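**Student:** Could you have a look at this structure, given as structure tokens, before my questions?
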Amino acid sequence: MDLIQEVLAFSRDYVNGNQTKERKQKIAAAYKNLIGENLRIGCGTCYVEAIFKIKKYMEKKPCSYRLKPGALLRAFGDESKTCTNENLTDELAIYHLTVNPGCANLFSIIAAPPKELKIVIPEVKKTEIKATEAKAEIISSEKMKTKRTSKNKK
Amino acid sequence: MATDCRGRIQADLLENCENIVAGINDTAYLINIDDIDKDNCKFDPDNPILLTQLVLKTASPALKAFKIEGRNYSNEHKATLVKKTYQKMWDHGFIFRIFDNDPPTKHWIYNSINSRFAVIQENNYHKLASPAGNTVFEVLGWDMGLEINAAERDANSDELMGGWLITGGPHEKMKESKPPLAFYVGGSITSTRAAIAALL
Chain C
914 MDLIQEVLAF SRDYVNGNQT KERKQKIAAA YKNLIGENLR IGCGTCYVEA
964 IFKIKKYMEK KPCSYRLKPG ALLRAFGDES KTCTNENLTD ELAIYHLTVN
1014 PGCANLFSII AAPPKELKIV IPEVKKTEIK ATEAKAEIIS SEKMKTKRTS
1064 KNKK
Chain F
-8 MATDCRGRIQ ADLLENCENI VAGINDTAYL INIDDIDKDN CKFDPDNPIL
42 LTQLVLKTAS PALKAFKIEG RNYSNEHKAT LVKKTYQKMW DHGFIFRIFD
92 NDPPTKHWIY NSINSRFAVI QENNYHKLAS PAGNTVFEVL GWDMGLEINA
142 AERDANSDEL MGGWLITGGP HEKMKESKPP LAFYVGGSIT STRAAIAALL
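Residue numbers (the numbering used here), protein chains in the order written: chain C, 914 to 1067; chain F, -8 to 191.
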């Protein structure tokens, strides 16, 4: 059995008091494998806290998006939409990218965006940026021309 | 309040009804200065000293902040104005103590002495006035980063019992352009803590 699955299997029994040295070692090893940090073993509830952390980590849905370290996304007036990498899901990522396409800068991994999403993926080459800027200028000057012609017609 | 280039005083400074609390927390976070994605970090539009978003660059393996933990208020901080010929600069000091001398600790010190890093520190002063908690976190060394200017171990020290005293500070001549930045993400202390957790 996988070490993590084994820890999850005896977790309830461990919390209820059957705390052997072997189990503690397994929890520490599973924690190190999953989280990438050494488990602190100085406190009385360290192992139980580690079990809950492992459980929470394993219950998390796989997510195709990843935020940059430190990034926090918020939605105005809706606390439930606040997210960091800790609680990011595909649904939340798509929501934020739809409502605020500018937040694409804060993502380090963006799965192929759905067609209705008009987001600019941040890793754009400089030449491409220049091209889009130039295009924007042309569009604006054309608009100006159409405005002028419509005024002249009047 | 907009910043005035001529340096004129622009607002009142009224009495604080709360007692200010001294000291900083035992936990602080060090970030290699080159890892910060400054292009995507944000400041409050009205206050250039208030940092509202701090993100790290994308790299593989993922970049992160590093936590250091002292003991019983062993971390110290001091910010001082430094008068240069034409401009005024800021000296950010950060002193921390390591209560260990094992090989990983020595390796950490040996590696870190040539690094430049920003520090996120947590003040003990948590002002309750709205918005609550914007006095809690501060960022030191935003412009150039701090460096380790002294590392000292006195094996017979009565204070450290053979631990290390590490003194972080700015470059000898080039100092920071601003005082330590306030760090307050998402308009609440909870969001700020979540953002810091996302750095680790």
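Glycine included, every Cβ here is placed at the ideal spot set by N, Cα and C. Here the structure is a predicted model, which is why all the values come from computation and not from measurement.
#1: Can you give the beta carbon distance from residue 109(F) to residue 127(F), rounded, assuming they're within the 8 Å contact cut?
#2: My guess is that residue 132(F) and residue 83(F) are in contact by the Cβ rule of under 8 Å, so how many angstroms apart are they, rounded?
#3: Can you tell which of 922(C), 1007(C), 1021(C), 929(C) has the C-alpha that lies nearest to the C-alpha of residue 971(C)?
#4: Where do the N-terminal and C-terminal ends of the beta strand (DSSP E) with residue 936(C) fall, by residue?
#5: Could you round the C-beta distance between residue 111(F) and residue 139(F) to whole angstroms and report it? I think they count as a contact, below 8 Å.
#6: Residues in the same chain with beta-carbon distance under 6 Å from residue 1037(C), minus the five sequence neighbours each way, listed in chain order, please.
#7: Have a look at residue 3(F) and residue 924(C) and give me their C-alpha separation to the nearest angstrom.
#8: Output needed in chain order: residues of the segment 985 to 999 of chain C with a Cβ under 7 Å from some Cβ in chain F.
#9: On the DSSP letters alone, give me the boundaries of the alpha helix (DSSP H) that residue 190(F) sits inside.
#10: Thinking C-alpha only, which one of 942(C), 918(C), 986(C) is nearest residue 46(F)?
#11: Residue 973(C) by DSSP, collapsed to three states: which one?
#12: Return helix, strand or coil for residue 195(F), following the three-state DSSP convention.
#13: Does the beta carbon of residue 172(F) sit closer than 8 Å to a beta carbon anywhere in chain C?
#14: I'd like to know if the segment 156 to 173 of chain F and the segment 955 to 966 of chain C are in contact, where contact means that at least 3 CB-CB pairs between them fall below 8 Å.
#15: Is the shortest distance between the beta-carbon of residue 131(F) and the beta-carbons of chain C less than 8 Å?
#16: What number of angstroms, rounded off, separates the C-alpha of residue 28(F) from the C-alpha of residue 50(F)?
#17: Of all the CB atoms in chain C, is at least one closer than 8 Å to the CB of residue 109(F)?
#18: Looking at the secondary structure, which residues open and close the beta strand (DSSP E) in which residue 112(F) lies?
#19: To the nearest whole angstrom, what separates the beta carbons of residue 182(F) and residue 933(C), a pair I think is in contact under 8 Å?
#20: Would you mind working out which of 7(F), 151(F), 163(F) sits nearest residue 64(F), comparing C-alpha positions?
#21: Are the C-beta atoms of residue 981(C) and some chain F residue less than 8 Å apart?
#22: Nearest-angstrom Cα distance between residue 1018(C) and residue 1010(C)?
#23: Tell me the DSSP bridge mates of residue 172(F)?
#24: Let me know the secondary structure DSSP gives residue 1039(C) once reduced to three states.
#25: Near residue 58(F), which residues of its chain fall below 7 Å by C-beta distance, leaving aside the five closest residues on each side in sequence?
#26: Just the chain F side, please: which residues come within less than 9 Å of residue 1018(C) by C-beta, in chain order?
#27: Shortest alpha-carbon distance to residue 989(C) belongs to which of 1012(C), 953(C), 956(C), 937(C)?
#28: Can you tell me whether residue 10(F) is helix, strand or coil according to DSSP?
#29: Taking residue 67(F) as part of the alpha helix (DSSP H), name the residues at either end of that continuous run.
#30: DSSP puts residue 1007(C) in a beta bridge; with which residues?
#31: Would you report the Cα separation of residue 143(F) and residue 92(F), rounded to the nearest angstrom?
#32: Beta carbons nearer than 8 Å to chain C: which residues of the segment 47 to 74 of chain F have them?
#33: Would the beta-carbon of residue 124(F) fall within 8 Å of that of residue 180(F)?
#34: Could you check what DSSP says for residue 963(C) in three-state terms: helix, strand or coil?
#35: Any idea what DSSP makes of residue 36(F), helix, strand or coil?
#36: Can you tell me whether residue 148(F) is helix, strand or coil according to DSSP?
**Tutor:** Inspection of the coordinates gives the following:
#1: Between residue 127(F) and residue 109(F) the Cβ distance is about 17 Å, and since that is not below 8 Å, they are no contact.
#2: 6 Å
#3: 922(C)
#4: Note, residue 936(C): premise wrong, no beta strand (DSSP E); alpha helix (DSSP H) at 934 to 948.
#5: The pair is not a contact, with the Cβ atoms about 17 Å apart (cut-off 8 Å).
#6: Low confidence applies to residue 1037(C): its pLDDT is 44, below 50, so where it sits in the model is not reliable, and the reading given next is rough at best. Cβ within range, chain order: n/a, list empty.
#7: 58 Å
#8: 985, 987, 995, 997, 998, 999
#9: 180 to 190
#10: It is 986(C).
#11: coil
#12: No information on residue 195(F) is available, as it lies outside the stretch -8 to 191 that chain F covers here.
#13: no
#14: no
#15: no
#16: In this structure, the alpha-carbon of residue 28(F) lies about 11 Å from that of residue 50(F).
#17: no
#18: 108 to 114
#19: Incorrect: roughly 41 Å between the Cβ atoms, too far for contact.
#20: Looking at the Cα atoms, 151(F) is the closest of the given residues.
#21: yes
#22: 10 Å
#23: 130(F)
#24: A caution first: residue 1039(C) carries a pLDDT of 47, below 50, which makes its placement in the model too unreliable to give a value.
#25: 18, 20, 191
#26: Residues of chain F passing the Cβ test: 28, 30, 31, 46.
#27: 1012(C)
#28: coil
#29: Here residue 67(F) belongs to no alpha helix (DSSP H); instead the beta strand (DSSP E) covers 67 to 74.
#30: DSSP lists no partner for residue 1007(C).
#31: In this model, residue 143(F) and residue 92(F) are separated by some 12 Å (Cα to Cα).
#32: 47, 48, 49, 53, 54, 55, 56
#33: yes
#34: Residue 963(C): helix per DSSP, three-state reduction.
#35: coil
#36: Correct three-state label for residue 148(F): coil.
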